[in-house]
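A.B. asks:
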């Protein structure tokens with residue numbers, strides 16, 4: 004399915020839109036391609052019904068917990084999200100992902116795979132406040148919050164320490180899931196981000212205008228574009 008989607012995203016060349024009002028031509032039909040995808044369970048003729056995105060292709064992000072999903076990520080994803088529960092677990096999963104990349108033959112110099120760790124985050128400025136707030140929520144819910152990802156309670160400075168510790172294993176970044184909205188999302192943007200910026204480990208401005216660019220991933224050219 005991912006391969007079919009990628010072919011559809013490529014089915015319009017970058018300059019397929021001409022928008023020539025004088026002649027009434029919106030597209031150059033020679034630069035919009037049927038993909039004629041034939042899979043084991045479905046087929047897609049194409050082309051896409053929309054032009055190519057500014058990123059060339061949207062990012063493919065997968066959540067992976069075990070060997071088979073790691074191999075899927077190695078084959079098909081731009082970003083893989085993993086769910087370690089400590090630093091040692093992070094290092095172990097990164098090794099498994101690297102082994103999956105090697106088995107699939109992916110050339111990471113040409114197609115880098117970014118690996119992010121998921122964390123559920125309860126943040127407060129006062130030490131102990133986030134843990135107390137989570138405990139009250141658990142009491143109201145009648146059971147302790149359970150998740151595939153590690154659950155963090157603490158201050159922005161404590162979370163920054165954890166992120167930097169885990170990142171030293173080779174992670175490219177993190178997906179932070181706010182424990183509650185809007186409280187913890189606000190605490191991330193107004194507490195954690197400034198803390199990381201003070202430490203010189205988080206950008207203060209963007210050099211790119213796309214998510215792909217923010218992650219340092221090249222914009223893929225359309226496979227249907229004629230060379231030269």
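Numbering (the working numbering), first residue to last: 4 to 231.
Every residue, glycine too, gets a C-beta built ideally from N, C-alpha and C.
#1: Kindly give me the distance between the Cβ atoms of residue 168 and residue 90, rounded to whole angstroms, as I take these residues to be in contact under 8 angstroms.
#2: Quick check on residue 228: does DSSP put it in helix, strand or coil?
#3: Report the rounded CA-to-CA distance for residue 70 versus residue 9, giving the unit in angstroms.
#4: By Cβ distance, which residues of its chain are closer than 8 angstroms to residue 103, with the 5 residues on each side in sequence left out?
#5: How would you call residue 36, buried or exposed, if buried means at least 16 neighbouring beta carbons within 10 angstroms?
#6: Looking at residue 80: is its Cβ nearer than 8 angstroms to the Cβ of residue 100?
#7: Mind checking who residue 82 pairs with in its DSSP beta bridge?
#8: Can you tell me which of 174, 106 and 229 puts its alpha carbon nearest to the alpha carbon of residue 92?
#9: Between the Cα of residue 157 and those of 61, 11, 56 and 127, spot the shortest distance and give me the residue it belongs to.
#10: Going by DSSP, what residue range makes up the beta strand (DSSP E) through residue 178?
#11: Could you please give the first and the last residue of the uninterrupted alpha helix (DSSP H) stretch that includes residue 201?
#12: Just verifying my parser: in three-state terms, what is the DSSP assignment at residue 52?
C.D. replies: With the structure as the only source:
#1: 6 angstroms
#2: coil
#3: 24 angstroms
#4: 70, 73, 74, 76 and 77
#5: In this structure residue 36 is buried. Its beta-carbon is surrounded by 16 or more other beta-carbon atoms within 10 angstroms.
#6: no
#7: 64 and 117
#8: The shortest Cα separation from residue 92 among 174, 106 and 229 belongs to 174.
#9: Nearest of 61, 11, 56 and 127 to residue 157, Cα basis: 127.
#10: 176-181
#11: 196-201
#12: coil
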